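All letters in the sequence shown, in the order written, are residues 143 to 580 by my numbering. Beta carbons: idealized from backbone N, C-alpha and C, even for Gly. This structure is a prediction, so every number in the text was calculated from the model and none was measured. See structure below.
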Amino acid sequence: NSHSARTYMAYIYAGAGPWESTTDVVFSGHSMIAECGDVLAESSTLSLTSSMILADIDVQKIIADRNDATSFRQSSSGAPLRTLSVPLRRSLKEDVLRPLRPLPFVPADDHDRAERCREILRIQSTALAIRWKRSGAKKLVLGLSGGLDSTLAVIVSVLAADILSIDRSNIRCITLPGFGTTERTLSNARALAAALAVSLTEIDIRAAVRQHFADIGHDESNHSVVFENAQARERTQILMDVANADSGIVVGTGDLSEIALGWSTYNADHMSMYNVNAGVPKTLVRHLVDWYAVSVGHGTLRSVLLDILDTPVSPELLPPAADNTIAQHTESVLGPYDVHDFFLYHLIRLKQPLRTVVVLALLAFDGTYTPSDILRWAEIFIRRFVSQQFKRSAMPDGVKVGSVALSPRADWRMPSDASAAVWLRRLEELRKELAIPS
Numbered sequence: 143n144s145h146s147a148r149t150y151m152a153y154i155y156a157g158a159g160p161w162e163s164t165t166d167v168v169f170s171g172h173s174m175i176a177e178c179g180d181v182l183a184e185s186s187t188l189s190l191t192s193s194m195i196l197a198d199i200d201v202q203k204i205i206a207d208r209n210d211a212t213s214f215r216q217s218s219s220g221a222p223l224r225t226l227s228v229p230l231r232r233s234l235k236e237d238v239l240r241p242l243r244p245l246p247f248v249p250a251d252d253h254d255r256a257e258r259c260r261e262i263l264r265i266q267s268t269a270l271a272i273r274w275k276r277s278g279a280k281k282l283v284l285g286l287s288g289g290l291d292s293t294l295a296v297i298v299s300v301l302a303a304d305i306l307s308i309d310r311s312n313i314r315c316i317t318l319p320g321f322g323t324t325e326r327t328l329s330n331a332r333a334l335a336a337a338l339a340v341s342l343t344e345i346d347i348r349a350a351v352r353q354h355f356a357d358i359g360h361d362e363s364n365h366s367v368v369f370e371n372a373q374a375r376e377r378t379q380i381l382m383d384v385a386n387a388d389s390g391i392v393v394g395t396g397d398l399s400e401i402a403l404g405w406s407t408y409n410a411d412h413m414s415m416y417n418v419n420a421g422v423p424k425t426l427v428r429h430l431v432d433w434y435a436v437s438v439g440h441g442t443l444r445s446v447l448l449d450i451l452d453t454p455v456s457p458e459l460l461p462p463a464a465d466n467t468i469a470q471h472t473e474s475v476l477g478p479y480d481v482h483d484f485f486l487y488h489l490i491r492l493k494q495p496l497r498t499v500v501v502l503a504l505l506a507f508d509g510t511y512t513p514s515d516i517l518r519w520a521e522i523f524i525r526r527f528v529s530q531q532f533k534r535s536a537m538p539d540g541v542k543v544g545s546v547a548l549s550p551r552a553d554w555r556m557p558s559d560a561s562a563a564v565w566l567r568r569l570e571e572l573r574k575e576l577a578i579p580s
């Protein structure tokens with residue numbers, strides 16, 4: 143409607159529907175007829191049935207509005223424009239009047255945030271429903287860890303089953319406790335599956351992984367990357383084999399922030415048959431689960447979801463602490479996801495120079511994190527974002543839900559052997575310029 147108002151015209155739009163390919167996006171099927179700022183007819187979105195809209199367009203009204211609009215008549219005059227050059231100062235706080243949002247992916251307004259969460263879950267579940275039906279699969283198979291990402295994936299899965307009127311028992315969740323699994327996450331996985339009425343199978347992977355260690359000559363007491371990745375790959379192998387046995391598809395759980403940072407094991411949790419979380423950054427995953435808990439959840443379901451939200455983010459691949467609590471904290475290694483999502487949004491969505499992004503981060507998180515920490519996390523982000531492209535180059539299909547996506551097929555084309563040297567050098571120059579200690 144705003145476009146038709148600005149241009150004094152009738153605007154007719156008909157978009158492709160959800161039955162198009164869901165390889166990287168889901169099409170909404172939105173149709174609209176607008177005239178000089180007024181919406182005359184509009185269809186619903188994400189409907190699995192075909193629709194048609196009709197409206198009468200008043201051509202004489204459009205002509206009259208154009209004749210009355212002096213700006214419309216003057217736009218064809220081609221008058222020259224005057225250009226003024228304004229020097230920019232280099233200070234930080236004094237020149238920034240515009241408020242900075244530390245969480246750019248998350249709407250600040252409560253109503254807007256709730257609407258965004260509702261719409262994203264509709265997009266995810268519709269995309270999965272179409273893939274499920276088109277594939278001819280009988281079941282959905284996913285690993286349920288009791289963590290945040292797999293929780294969102296199973297929520298999307300039950301919504302997809304409801305769209306297709308398929309019994310939720312056809313969602314086969316498998317929880318796969320290993321050397322780092324805590325009682326808290328395991329019990330939450332069990333309770334969540336029961337509350338959502340999906341099937342749950344529990345397979346302890348430790349014996350299989352120990353056999354694998356013996357086969358390759360790895361000492362179990364050596365908690366290296368081999369120790370961690372062997373567990374991740376064992377889990378994925380089980381999920382894939384169960385999917386084959388059940389004529390199912392494996393639903394991926396890794397989120398956009400993990401994809402950006404390469405925080406996954408290649409050919410393990412990196413791989414699935416369709417990833418419903420591929421377009422959702424970690425800061426938004428939390429709000430989606432929270433919205434579902436408050437808006438839809440009740441009783442046991444709500445309490446389990448709230449406890450999952452309160453659980454530290456961890457892959458749980460290293461042994462827990464003596465009190466059986468999580469010892470391996472992702473954000474202690476990488477840095478906070480709110481900072482990394484800030485980098486991701488400003489670098490990829492707004493395509494701002496690295497210097498600008500870091501300076502804005504210093505302002506946005508002033509008083510929350512130290513400048514030294516922000517520079518350190520910026521270096522981690524750049525190193526990992528560039529070096530982990532090889533994982534994105536081989537990532538499975540997954541639905542895009544917002545303005546930032548990293549699919550190598552449609553959104554982000556980058557060589558897998560790129561070098562981060564130039565960006566790292568610029569970070570060091572900025573550190574010296576702002577006198578930020580290492």
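Within the stretch 397 to 477, note down every full alpha helix (DSSP H) run reaching 4 residues or more, in order along the chain.
As far as the stretch 397 to 477 is concerned, its whole alpha helix (DSSP H) runs of at least 4 residues are 398 to 403, 424 to 437, 441 to 451 and 472 to 476.
Does the CB of F507 have a neighbour CB from chain D at under 8 Å?
Looking at the structure shown, chain D is missing, and only one protein chain is on hand.
For L566 and Q353, I'd like the C-alpha separation in whole angstroms.
Translated into the one-based positions of the sequence shown, residue 566 becomes position 424. Translated into the one-based positions of the sequence shown, residue 353 becomes position 211. For L566 and Q353, the distance between alpha carbons rounds to 42 Å.
Check whether the stretch 361 to 380 touches the stretch 323 to 341, taking contact to mean three or more Cβ pairs, one atom from each stretch, closer than 8 Å.
No contact exists between the stretch 361 to 380 and the stretch 323 to 341.
Could you tell me which residues DSSP pairs with E177 in its beta bridges?
In the sequence shown, residue 177 corresponds to position 35, counting from 1. According to DSSP, E177 bridges with A152 and D180.
Enclosing beta strand (DSSP E) for E571 [first to last residue]:
In the sequence shown, the residue the question calls residue 571 occupies position 429. Careful: E571 lies outside any beta strand (DSSP E), inside the alpha helix (DSSP H) at A563 to E575.
When you compare the CB positions of Y434 and L448, do they come within less than 8 Å of one another, or not?
Within the sequence shown, numbered from 1, the residue matching residue 434 stands at position 292. Within the sequence shown, numbered from 1, the residue matching residue 448 stands at position 306. No.
Please report the residue range of the alpha helix (DSSP H) in which I516 lies.
As a working note, residue 516 is residue 374 in the sequence shown. Residues P513 to S529.
Can you give the beta carbon distance from A503 to Q531, rounded, assuming they're within the 8 Å contact cut?
Along the sequence shown, one-based indexing puts residue 503 at 361. Along the sequence shown, one-based indexing puts residue 531 at 389. Between Q531 and A503 the Cβ distance is about 22 Å, and since that is not below 8 Å, they are no contact.
Contacts around S583, its chain only, beta-carbon distance under 7 Å, and the 5 residues preceding and following it disregarded:
Look at the range of the chain in this structure, 143 to 580, and you will see that residue 583 is not part of it.
Can you tell which of R273, V296, I516 and A197 has its C-alpha closest to the C-alpha of L284?
Position 142 of the sequence shown holds residue 284. Nearest option by C-alpha distance: V296.
Pull up the distance between the alpha-carbon of D388 and that of K281, whole angstroms please.
Along the sequence shown, one-based indexing puts residue 388 at 246. Along the sequence shown, one-based indexing puts residue 281 at 139. When rounded, the separation of the alpha-carbon atoms in D388 and K281 is 7 Å.
Give me whichever residues DSSP pairs with V283 in a beta bridge.
Taking the sequence shown and counting its residues from 1, the one referred to as residue 283 is at position 141. Partner(s): R314 and V392.
Reducing DSSP to helix, strand and coil, say where D508 ends up.
Within the sequence shown, the letter at position 366 stands for residue 508. Note: D508 maps to strand in three-state DSSP.
Following the continuous beta strand (DSSP E) through L342, name the residue where it begins and the one where it ends.
Here residue 342 refers to the residue found at position 200 when the sequence shown is read from its first residue. For L342, the enclosing beta strand (DSSP E) stretches over residues S341 to E344.
For E400, does the count of other Cβ atoms within 10 angstroms reach 16, so buried, or fall short, so exposed?
Counting from 1 along the sequence shown, the entry for residue 400 is found at position 258. Here E400 is buried. Its C-beta has 16 or more other C-beta atoms within 10 Å.
Reference V438; option with closest CA among Y416, S474, R260 and P160:
In the sequence shown, counting from the first residue as 1, residue 438 sits at position 296. Cα-wise, what sits closest to V438 is R260.
Between which two residues does the alpha helix (DSSP H) harbouring L290 extend?
Here the question's residue 290 lines up with position 148 in the sequence shown. Note, L290: alpha helix (DSSP H), L290 to I305.
Please report the residue range of the alpha helix (DSSP H) in which A271 lies.
Taking the first residue of the sequence shown as position 1, residue 271 is located at position 129. D252 to S277 is the span of the alpha helix (DSSP H), which, as asked, contains A271.
State the beta-bridge partners of G157 as determined by DSSP.
As a first step, residue 157 is located in the sequence shown; it is residue number 15 there, counting from the start. Its beta-bridge partners do not exist; DSSP assigns none.
Looking at L342: is its Cβ nearer than 8 Å to the Cβ of T317?
The residue you call residue 342 lines up with position 200 of the sequence shown. The residue you call residue 317 lines up with position 175 of the sequence shown. If you check the CB distance, L342 and T317 come in under 8 Å.
Between the alpha carbons of L576 and R568, how many angstroms are there, rounded?
One-based indexing of the sequence shown puts residue 576 at position 434. One-based indexing of the sequence shown puts residue 568 at position 426. Rounded to whole angstroms, the separation of the alpha carbons of R568 and L576 is 12 Å.
Which value, in whole angstroms, describes the spacing of the CA atoms of F485 and D539?
In the sequence shown, the residue the question calls residue 485 occupies position 343. In the sequence shown, the residue the question calls residue 539 occupies position 397. Approximately 24 Å between the Cα atoms of the pair.
Below 8 Å, can you find three or more Cβ-Cβ pairs linking the stretch 221 to 229 to the stretch 475 to 491?
No contact exists between the stretch 221 to 229 and the stretch 475 to 491.
Counting pairs of beta carbons, one from the stretch 535 to 551 and one from the stretch 513 to 520, are three or more of them closer than 8 Å?
No contact exists between the stretch 535 to 551 and the stretch 513 to 520.
Report back the beta-carbon spacing between K424 and D397 to the nearest angstrom; my notes put them in contact at under 8 Å.
Taking the sequence shown and counting its residues from 1, one reaches residue 424 at position 282. Taking the sequence shown and counting its residues from 1, one reaches residue 397 at position 255. Beta-carbon to beta-carbon, K424 and D397 are separated by about 5 Å, close enough to satisfy the 8 Å threshold.
Inter-residue spacing [alpha-carbon to alpha-carbon] between I490 and D357
As a first step, residue 490 is located in the sequence shown; it is residue number 348 there, counting from the start. As a first step, residue 357 is located in the sequence shown; it is residue number 215 there, counting from the start. Distance between the alpha carbons of I490 and D357 is about 43 Å.
Distance between W405 and M413 (C-alpha atoms, nearest Å):
Stepping through the sequence shown from its first residue, residue 413 is reached at position 271. Stepping through the sequence shown from its first residue, residue 405 is reached at position 263. Roughly 12 Å between the two C-alpha positions.
Top-ranked residue by Cα proximity to T324, from I313, S307, D346 and R310:
Taking the sequence shown and counting its residues from 1, the one referred to as residue 324 is at position 182. If you compare the alpha carbons of I313, S307, D346 and R310 with that of T324, the shortest gap goes to D346.
Could you tell me if the beta carbon of A464 falls within a distance shorter than 7 Å of some heavy atom in the ligand NAD?
The ligand NAD is not among the ligands present in this structure, which contains no ligands whatsoever.
I'd like to know if the stretch 146 to 156 and the stretch 165 to 180 are in contact, where contact means that at least 3 CB-CB pairs between them fall below 8 Å.
Touching, yes, given that three or more Cβ pairs across the two stretches are closer than 8 Å.
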